[in-house]
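Order-wise, the sequence lines are chains A and B. First residue of the first sequence? That's 9 in the numbering used here, and the numbers climb one at a time after it. First residue of the second sequence? That's 3 in the numbering used here, and the numbers climb one at a time after it.
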Amino acid sequence: MLLEVEHLSTEFATRGGVVRAVDDVSWDVKEGETVALVGESGCGKSVTALSIMRLVAAPAGRITAGRVLFKGRDLLALSEEEMRRVRGREIAMIFQEPMTSLNPVLTIGRQMTEGAEIHLGLAPPASRDRAIELLAMVGIPDPGRRLRQYPHQFSGGMRQRMMIAMALACRPALILADEPTTALDVTIQAQILELMKDLSRRFGVAMVVITHNLGVVARYADRVNVMYAGKVVERGTARKLYRNPRHPYTLGLLRSVPRLDEPRRERLAPIEGQPPDLTRLPAGCAFTPRCAWRVTRCPVDRPALAPVGDGEHLSACWEAVHVGREREAVR
Amino acid sequence: MALDRPLEDVVALADLTPERSVKDGVVDFVRHRPLGAIGAAVVLLNILAGVFAGVLAPYDPVATDYAAMLSRPSLAHWLGTDAFGRDVLSRILYGARTAMLVGFAVALVGATVGAVIGVTSAYFGGRIDLAIQRVMDIFLSFPLIILALAMVSILGTGLVNVIVAIMIPLIPRASLVTRSSALAIREMPYVDAARAAGYRHRRIILRHMLPNVMAPYLIMLTAFLGQAILLEASLSFLGLGVAEPTPAWGLMLRGAAVQFAETAPWMAVFPGLAISLAVFAFNLFGDSLRDALDPRLRTQ
């Protein structure tokens, strides 16, 4: 196992009370695998990534429990200096906004070479060669000239390509990509995802893709963790989860996506209601108020992740065995 | 946008962003801000006078000539002589050297130190920010000249001490301005990205955030130049700045200049003019630079 997140909890102190953004979450990533974290805004997927990198903004945010084992080492127990050497070197991160994730006053070359110079101790000419090689690899033409330019001279798609090149600069074992394609045109999204998939395969880099886009998940992830209100509510291979969702929330997500391969319905079926207030989570399942499958024990008794079908597929739902597409018509 | 174009075309489109050269920038500045350009020209003259005082000055600025005491402006002494027969023009030229030296040293070091403190304060935030800002507030609660006077009385007179004494009250002002810009920069994703890339705090502050507060930094720098020159003149006038016989504008206004104000007004008028002109020019240039660098005012 490359990365094992065990019982991770992260809290934020706000005026309204303590927000449990990540609540006792466990999941893992194998070497070279692509794992997706899926969920709507505020479900804790980005905070999970920041917690792994130990970049949750203190003092408001705090990791309160759990372990993050990376190659067997607990990242949460490392000193700040040791952790700094992991960031960028062993775990790289790609951010959502390619427009604002690059420093506008530094040249592309400066930003591309900095990581390799710091983490690998490369001399400027060597890191420059490497930057040129990486830019060429992510499909940016004339990389030598491009190095002298500034981010505003790059288009959104090119910047995201450059972010990927930067992430690969130190040959990390794991890349955390937080909504890597959300800010891009749909056609560019596909290009970027293909590129990431291709490079991760070529270099054997494992990826954690954080997204709310189930289309991304279906095509590019090996395994999926669906998060809701700070918890993982369903886990399984992308294929299983897509074909046979076993949690009402996953089912709802899938039904709210328009599909071209099915006859057009009058209107989409959105998930009704609002995500819960994370400062006042109910004792039972947080999805209860929005759930069509709820039973009497749901509001008071929280279901744990439990296997449905084979051991690879887990769902945190009392009604997991009944939830499914085949019963859609009945409901 | 260009969805169905090949990548090369998209790249070519992205290249259309014009690259403004420094020369274009200067031409633009002169055309749109003539007052600022005049200010810049006077600033430049002052700098040249300071640098080439040794070549330009017709006399040794400290050489006394009792035969030519208190002589009015003439061909031999264009701006007259003082009570010791020293040539006023030569002393003003050499005074420019003192003024520019103090001005640039104070402005450069003061604005830089202030900017680093401001950005550091904004970057760390929380308690560190609170602590730094309260210390700055204590300094800010004193008027500039009072704090500079206090510093001089602690450090003593002399060129270097005067520079330090004027610099210290300016640092918190610089930190205040840069901090407010840096607070916005702190929230930019590229700062988080730099953290996620495993860069040290010092590198993020100095290499990633500081260049982003260049505009307020430059504006402050020019504003400080005028202030520092005025403060140096004030301190020298009060006898707390540079000491005789070093030629300094403020120094030329005191002592005998007061005594002979009616019979030999040129002794006070010309150095006074030099001070006003220099400070006015720096402020004109600074204001225009601020307008030119402020994106909200740029379109006007």
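Quick reminder that beta carbons are idealized off the backbone N, C-alpha and C, glycines included. Keep in mind it's a predicted model, so treat the numbers as computed, not measured.
Contact check for residue 266/B and residue 82/B: beta-carbon distance about 7 Å, within the 8 Å limit, so the pair qualifies.
Closest by C-alpha distance to residue 44/A, out of 257/A, 264/A and 187/A, is 187/A. 92, 93, 94, 95, 96, 97, 100, 101, 103, 104 and 105: these are the residues of the segment 90-106 of chain A whose beta carbon lies less than 8 Å from some beta carbon of chain B, given in chain order. The CB of residue 22/A never comes closer than 8 Å to any CB in chain B; the least such distance is about 15 Å. Nearest CB-CB separation between residue 61/A and chain B: below the 9 Å threshold.
Annotation: residue 211/B to residue 126/B spans about 12 Å, alpha carbon to alpha carbon.
In the DSSP assignment, residue 162/A is bridged to no other residue. Shown here for residue 306/A: same chain residues with a beta carbon closer than 8 Å to its own, the five before and five after excluded, namely 292, 293, 296, 299 and 326 in chain order.
Between the C-alpha atoms of residue 37/B and residue 262/B there is a straight-line separation of about 36 Å.
A Cβ-Cβ distance of about 5 Å is found for the pair residue 46/A and residue 234/A, placing them in contact under the 8 Å criterion. Counting along the chain, residue 233/A sits inside the beta strand (DSSP E) bounded by residues 231-236. Note: residue 42/A is bridge-paired with 215/A in the DSSP secondary-structure output. Chain order gives the chain A residues near residue 191/B as 103, 105, 108 and 109, where near means a beta carbon separation below 7 Å. At least one CB atom of chain A sits nearer than 9 Å to the CB of residue 216/B. Looking at the DSSP output, residue 20/A bridges to 27/A and 69/A. Residue 185/A places its beta carbon 9 Å or farther from that of residue 120/A. Here residue 14/A carries a strand assignment [DSSP, helix/strand/coil]. With its beta carbon at least 9 Å from every one in chain B, residue 133/A lies outside the interface. For the alpha helix (DSSP H) assignment, the uninterrupted runs of no fewer than 4 residues enclosed by the segment 174-229 of chain A are, from N- to C-terminal side, 194-211 and 222-228.
Taking a 10 Å sphere around the C-beta of residue 181/B, we find 16 or more other C-beta atoms and assign the residue as buried.
Residues of the segment 169-190 of chain A whose Cβ lies closer than 7 Å to any Cβ of chain B: none. Around the beta carbon of residue 239/A, 16 or more other beta carbons lie within 10 angstroms, which makes this residue buried. Contact annotation for residue 220/A against chain B: no contact, minimum CB-CB distance about 18 Å [criterion: below 8 Å].
Within the DSSP bridge table, the entry for residue 302/A names no partner. Excluding five sequence positions before and after residue 245/B, the CB atoms of its chain that fall closer than 6 Å to its own CB belong to 159, given in chain order. Here DSSP, grouped into helix, strand and coil, assigns residue 108/B to helix.
Out of 164/B, 117/B, 91/B and 48/B, the CA that lies nearest to the CA of residue 184/B is found in 117/B. Per the C-alpha coordinates, the member of 254/A, 301/A, 310/A and 279/A positioned closest to residue 317/A is 254/A. As for any beta strand (DSSP E) of minimum length 3 sitting wholly inside the segment 117-150 of chain B, there is none. Contact between the segment 249-269 of chain A and the segment 59-79 of chain A is absent: fewer than 3 CB-CB pairs across the two stretches fall below 8 Å. For residue 54/B, the number of other beta carbons within 10 angstroms of its own is below 16, and it is reported as exposed.
With distances taken between CA atoms, residue 49/B lies nearest to 228/B out of 228/B, 293/B and 164/B. In the DSSP assignment, residue 81/A is bridged to 78/A. DSSP, reduced to helix, strand and coil, places residue 241/A within a strand of the structure shown. Non-local C-beta neighbours of residue 301/A in its own chain, meaning closer than 6 Å and more than five positions away in sequence, comprise 256, 327 and 331, ordered along the chain. When Cβ pairs closer than 8 Å are counted between the two stretches, the segment 194-214 of chain A is seen to touch the segment 23-41 of chain A, the count reaching three or more.
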